[in-house]
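These notes are about the structure you will find just below.
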Amino acid sequence: MSEIKNPLMADIKEVIFTAEQIQEKVDFLGKQISFDYQDKTPIFIGILKGVFIFMADLLRSITIDCQVDFLAISNYSSHARSQGEVRLVKDLDLPIRDRHVVFVEDVIDTGLTLNYLLKNLQERKPKSLEVCVLFNKPAHRLIEIPARYCGYDLPDRFVVGYGLDHNEKYRNLDFVGLLKAEKIHSS
Ligand code: IMP
Ligand code: MG
Numbered sequence: 001m002s003e004i005k006n007p008l009m010a011d012i013k014e015v016i017f018t019a020e021q022i023q024e025k026v027d028f029l030g031k032q033i034s035f036d037y038q039d040k041t042p043i044f045i046g047i048l049k050g051v052f053i054f055m056a057d058l059l060r061s062i063t064i065d066c067q068v069d070f071l072a073i074s075n076y077s078s079h080a081r082s083q084g085e086v087r088l089v090k091d092l093d094l095p096i097r098d099r100h101v102v103f104v105e106d107v108i109d110t111g112l113t114l115n116y117l118l119k120n121l122q123e124r125k126p127k128s129l130e131v132c133v134l135f136n137k138p139a140h141r142l143i144e145i146p147a148r149y150c151g152y153d154l155p156d157r158f159v160v161g162y163g164l165d166h167n168e169k170y171r172n173l174d175f176v177g178l179l180k181a182e183k184i185h186s187s
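Quick note on the working numbering: the sequence shown kicks off at 1 and runs consecutively.
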């Protein structure tokens, strides 16, 4: 069968990280985590939906016994967001008390979402709680998040691909890139 060219490519202005660069970093993070948790069975926790592709690739590079679970949060207004308000619409299925937890996130931007969720998880008394983030956007950080495992720094630009969306599109791109300006403003 002949290959179908992805029509979404026409909306991309610039590739920031290629699929190969992303896979290399994900493998590196997976090896580091597998080494650090070799005698433990960590639970990897992610927030839907942005993290689902990173989580899938990260878990396949993890070579130790582990479990995975997801939270879902509602889309919130910019006002609520600036207050650090996050509403859980799906809680974890697994109890995390006395467990080693690795919180996996696609992007840390302001840090507000993660700060709220880390506090929420900490109240459940895990044995340990560490953060693994693929993309860090330092420019807008309002709350410092200590991430033990960190992939790439991103410029202060809105990016799509590798799970990250604009109006629920572009998640299936295997790279991360900038959208053309006319696509950011259209819905
Ligand atoms: P914050 O750290 O609370 O500001 O929010 C981080 C969340 O915003 C991430 O988990 C993403 O879902 C989303 N996000 C931040 N920057 C981008 C981007 O450039 N593209 C797509 N989603 C983004
Ligand atoms: Mg996210």
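Note that beta-carbon positions come from the ideal geometry of N, C-alpha and C, so glycine has one too.
query: Closest Cα partner of HIS140 within the set GLU123, PHE158, LEU129; result: PHE158
query: Cα-Cα separation, GLN38 to LEU134; result: 21 Å
query: Alpha-carbon spacing of ARG87 relative to LEU118, whole angstroms; result: 13 Å
query: Distance between PHE52 and LEU59 (C-alpha atoms, nearest Å); result: 11 Å
query: Distance, GLN32 Cα to LEU179 Cα; result: 32 Å
query: Neighbourhood of LYS90 by C-beta, 8 Å cutoff - its chain only, sequence neighbours within 5 removed; result: LEU48, PHE70, LEU71, ALA72
query: ASP98 Cβ short of 7 Å to the ligand IMP heavy atom set; result: no
query: Pair within 8 Å by beta-carbon distance, GLY177 and GLU24; result: no
query: Three-state class that DSSP yields for ALA72 in the structure shown; result: strand
query: Collapsed DSSP secondary structure at GLY111 in the structure displayed; result: coil
query: C-alpha gap between ILE62 and ASN172, whole angstroms; result: 22 Å
query: Extent of the continuous alpha helix (DSSP H) run through ASP36; result: 19–36
query: Same chain, Cβ closer than 7 Å to LEU29, neighbours up to 5 away in sequence not counted; result: LEU58, CYS132, TYR149, GLY151
query: Selected residue, minimal CA-CA separation from ILE16, among ASP165, VAL160, ASP106; result: VAL160
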